[in-house]
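Numbered according to the UniProt record's numbering, the sequence shown terminates at residue 358, and the numbering increases by one at each position without gaps. By construction, the Cβ of each residue, glycine as well, lies at the ideal position given by its N, Cα and C atoms. It should be emphasised that the depicted structure is a prediction, and the values quoted were computed from it without experimental measurement. Notes follow once the structure below has been shown.
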Amino acid sequence: MKKKAGLITSFAVITTLLIACGDTEDASLPTEEADGAENNGAETVHDDSYEELASMYQPLGNMEIPEDNPMTDETIELGKTMFFDPRLSGDDSLSCASCHIPALGYGDGKPVFEGFEGVEGPRNTPTIINSGYYTSLFWDGRADSLEAQALGPIESPIEMNQDLDELVVQLAAIDGYVDMFEEAFDDEVTVENIGKALAAFQRTIVIDDTPFDHFLAGDYSALTEEELKGMELFAGDAGCISCHSGPNLSDDSFHNIGMETGDEGRYEVTGDEADKGVFRTPGLYGIAHRSPYMHNGSLETLEEVIDYYDHGGDDHPNKSALMEELNLTEEEKEALHAFLMALSGESPHVDVPALPED
Ligand code: HEC
Ligand code: HEC
């Protein structure tokens with residue numbers, strides 16, 4: 001495997017280094033052999049190296065809630081109801097949940113979405129899990145808040161194809177919605193309130209209780225030795241953390257990982273040549289619950305994703321210098337996979353609400 005300067009090289013090495021600085025008299029210090037064993041007594045051995053490993057990551061922490069859109073039971077309930085309501089689309093056929101399907105990790109299981117009248121979209125449907133943590137939304141980051149983002153798919157002619165002013169008229173004719181907007185916002189049905197309620201609901205779709213979170217909180221027995229090895233590779237030799245950094249495992253920034261798909265990505269937002277084929281780094285919480293992966297849904301499984309990174313990605317003139325051939329061993333790939341699984345936790349459950357009648 002190729003080594004990267006400045007990054008830790010193997011779990012055994014940091015373990016050894018830290019042991020060297022610690023209390024060498026302690027007879028219970030781990031041996032190389034113990035490292036390879038199944039999570040035995042992981043909570044008691046080499047705590048220092050665990051701390052060191054944990055310190056390379058940031059806990060998810062609190063989501064930022066905009067001051068002008070506090071999350072109340074009423075806004076969340078209204079947003080949830082609209083999320084499941086196909087009347088938000090032009091021909092009343094598609095709701096947000098038609099593509100962000102709770103049982104499929106809030107994606108749709110397809111490489112690219114199928115939108116209005118069955119038209120195939122150019123991009124893969126991302127999950128909405130933990131989307132409240134992003135500072136830029138969509139694969140190309142063209143929206144900067146969930147409030148702004150929510151209106152995009154409603155209006156998009158290839159997604160829900162609904163005129164927003166008409167939607168306001170339509171919802172205002174449904175007594176149940178008039179009451180819900182009144183309770184949530186002390187106000188009528190407006191475009192702004194629709195966006196706010198959808199955003200408030202989406203901020204409740206969170207995964208924050210995974211073995212990884214427990215580990216970061218100091219429960220060093222939460223991860224198996226294999227998952228720990230993966231966590232160490234992710235931050236070390238595999239270099240994932242160069243981009244998947246920060247509390248939600250996304251740097252909220254934009255990179256080209258070498259996929260030549262004809263999708264110009266961030267360039268469509270900035271017009272800058274260097275942004276061609278550049279996409280926002282997705283967060284990785286709950287990653288096992290949805291597939292396929294990437295903006296074009298071209299990678300079916302997490303194994304394929306790991307293989308893609310292992311060969312340093314495909315070719316694109318704008319490919320990031322951070323994309324290097326990794327030459328991971330099978331064991332290392334499996335460890336990386338195990339770590340991604342440990343980030344997955346449980347997919348958030350949501351009870352499908354009753355929709356107000358016309
Ligand atoms: C026809 C399928 C479809 C429907 C319906 C749909 N979406 Fe999406 N959604 C997508 C696709 C595809 C993207 C990515 C588009 C892009 O990046 O250009 C997306 C992106 C998003 C994102 C951004 C996630 C991220 O990682 O940045 C959020 C949040 C979201 N949708 C919420 C909603 C809401 C709320 C609704 C209903 C008002 C909705 N979607 C309706 C397919 C759909
Ligand atoms: C140069 C920055 C960068 C590095 C390094 C990087 N990623 Fe990514 N990752 C991205 C970007 C950007 C995307 C979205 C790319 C696209 O769709 O074209 C992505 C997508 C993914 C996805 C799919 C997410 C989804 O929702 O479809 C997974 C899984 C992933 N990366 C895991 C990893 C792992 C594991 C590593 C280390 C082996 C890694 N990444 C290294 C930037 C990076």
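Cross-strand partners of F279 (DSSP beta bridge): H255
Is the CB-CB distance between L322 and S242 below 7 Å? yes
Using DSSP's beta-bridge definition, name the partner residues of I287. None; I287 has no bridge partner.
For a test of your reading of the model: does the CB of L164 fall under 6 Å from any non-hydrogen atom of ligand 2? Yes or no. no
Going by beta carbon distance, what residues of the same chain come within less than 7 Å of residue 361, once the five residues before and after it are set aside? For the chain, the structure presents residues 1 to 358; residue 361 sits outside this window and is missing.
Measuring only the C-alpha atoms, how far is L302 from D251? 20 Å
Can you give me the C-alpha to C-alpha distance between G107 and P247, rounded to a whole angstrom? 22 Å
Is any non-hydrogen atom of ligand 2 found closer than 6 Å to the C-beta of A338, if you look at the structure I gave you? no
Excluding the 5 residues flanking D208 on each side, which residues of the same chain have their C-beta closer than 7 Å to its C-beta? L60
Please report the Cβ distance between M180 and L88, rounded to the nearest whole angstrom; I am assuming they are in contact, meaning their Cβ atoms lie under 8 Å. About 14 Å separates the two Cβ atoms, so there is no contact after all.
Spatial neighbours of A34 within its chain, please: C-beta separation below 6 Å, excluding the five flanking residues on both sides. For A34, the pLDDT reaches just 41, beneath the cut-off of 50, and the residue's location in the model is therefore unreliable, although a value from the coordinates is still provided. Once the five neighbours on either side are set aside, A34 has no close Cβ partner at all.
Of all the alpha helix (DSSP H) runs that stay within the bounds of the stretch 292–328, which reach a length of 4 or more residues? 302–310
For E114 and H316, I'd like the C-alpha separation in whole angstroms. 27 Å
Just how far apart, CA to CA, sit Y285 and P211? 11 Å
Residue range of the alpha helix (DSSP H) that S49 falls in? 47–54
Same chain only: Cβ atoms within 7 Å of I158, ignoring 5 sequence neighbours per side: G115, F116, V119, G121
Y293 CB to nearest heavy atom of ligand 2 below 6 Å: yes
E232 burial status per 10 Å Cβ neighbour count (16 or more: buried): buried
Once the 5 residues before and after A143 are set aside, which same chain residues still bring their CB inside 8 Å of it? S136, L137, Q149, G152
Through-space distance from V350 to F185, alpha-carbon basis: 23 Å
With distance defined between alpha-carbon atoms, name the residue in Y309, G109, T81 nearest to C96. T81
Which of the three DSSP states is assigned to L228 in this structure? helix
Between which two residues does the alpha helix (DSSP H) harbouring I76 extend? 73–83
What do you reckon, is the C-beta of Y309 under 6 Å from a heavy atom of ligand 2? yes
L171 versus R203: straight-line alpha-carbon distance, rounded: 23 Å
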